[in-house]
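Below is one structure; the comments refer to it alone.
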Amino acid sequence: MSSVLTVWGSPSAVSRTGIVAAHMSDRLEAAGHQVDRLAVRDLPAQALLHADFADPAIRAALDRVEKADALVVASPVYKAAYSGILKAFLDVLPQFALRGKAVLPVLTGGTPAHVLALDYALRPVLTSLGATHVSQGWFVHDQYIHPADGDGPDRVDPQGTAFLDELVDAFADGLDGARGIPA
Ligand SMILES: Cc1cc2nc3c(=O)[nH]c(=O)nc-3n(C[C@H](O)[C@H](O)[C@H](O)COP(=O)(O)O)c2cc1C
């Protein structure tokens with residue numbers, strides 16, 4: 033069993049990215065891993081934007097990153113890149129915070145025109161943070177993500193997440209229980 037931290041960076045209270053992140057987290061837990069879940073929007077905004085490392089909530093969040101063997105990093109596409117709130121969080125991490133860790137990136141978005149933001153925007157920053165392995169990621173289109181309403185709870189359409197599920201399962205299988213590096 034490995035410990036996985038799922039981090040998602042959306043400013044929205046009702047977050048499609050959060051729904052996908054929860055779906056992935058549930059799947060990783062079902063595969064036997066221990067999953068910790070961190071919504072960046074729950075961190076104190078001023079402390080985050082001022083990079084206040086003395087703030088207890090910021091310190092606790094950095095600690096959760098350090099303790100994780102592996103991470104899922106999720107963001108909505110905003111303006112053809114990942115979100116500013118996720119960047120604010122990545123910016124307070126130590127330079128090589130992801131060294132020795134495997135990372136599975138995922139984006140949600142409204143247009144397939146920005147599918148490649150995963151590889152030209154998010155992947156390079158994860159690599160620069162020292163991630164030992166950044167897995168193949170996935171982009172989930174909004175049309176497959178349904179926030180809770182009168183018809184039921186949050187859900188994702190299997191047709192929109194089938195390949196993502198395969199990637200999550202492969203990621204789960206590859207975690208070796210030591211530092212999350214795929215075998
Ligand atoms: C400010 C803003 C900018 C956005 N820019 C893009 C974009 O450039 N490309 C895209 O595909 N979707 C874009 N979207 C749509 C979001 O990526 C999409 O709705 C996403 O699922 C929202 O996730 P969230 O509910 O977790 O915030 C944008 C949405 C907002 C609010």
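For the sequence shown, this note's numbering assigns the number 33 to the initial residue and increments by one for each residue that follows.
The beta-carbon is built from N, C-alpha and C at its ideal position, and this holds for glycine as well.
Just measuring C-alpha positions, the residue of A153, L196, L130 sitting nearest H165 is L130. Per DSSP, the beta bridge partners of Y114 are V109. In the three-state reduction of the DSSP assignment, S47 falls in the coil class, being assigned neither a helical nor a strand state. The DSSP-derived three-state label of G184 is strand.
If you draw a straight line from the Cα of A202 to the Cα of V138, it is about 14 angstroms long. Put simply, of A102, D174, F128 the residue whose alpha carbon is nearest the alpha carbon of V157 is F128. For R155, the enclosing alpha helix (DSSP H) has its first and last residue at 155-160. For R91, the enclosing alpha helix (DSSP H) starts and ends at 88-99. The count of Cβ pairs closer than 8 angstroms, one atom from the stretch 70-86 and one from the stretch 115-129, reaches three, so the stretches are in contact. The Cβ atoms of L136 and S107 lie no closer than 7 angstroms to each other. Its chain contains I177, P179, D186, V188 as the residues whose beta carbon lies nearer than 7 angstroms to that of I51, once the 5 sequence neighbours on both sides are disregarded; these appear in chain order.
Beta-bridge pairing by DSSP links H173 to G141. In this chain, the alpha helix (DSSP H) harbouring A77 covers 77-81.
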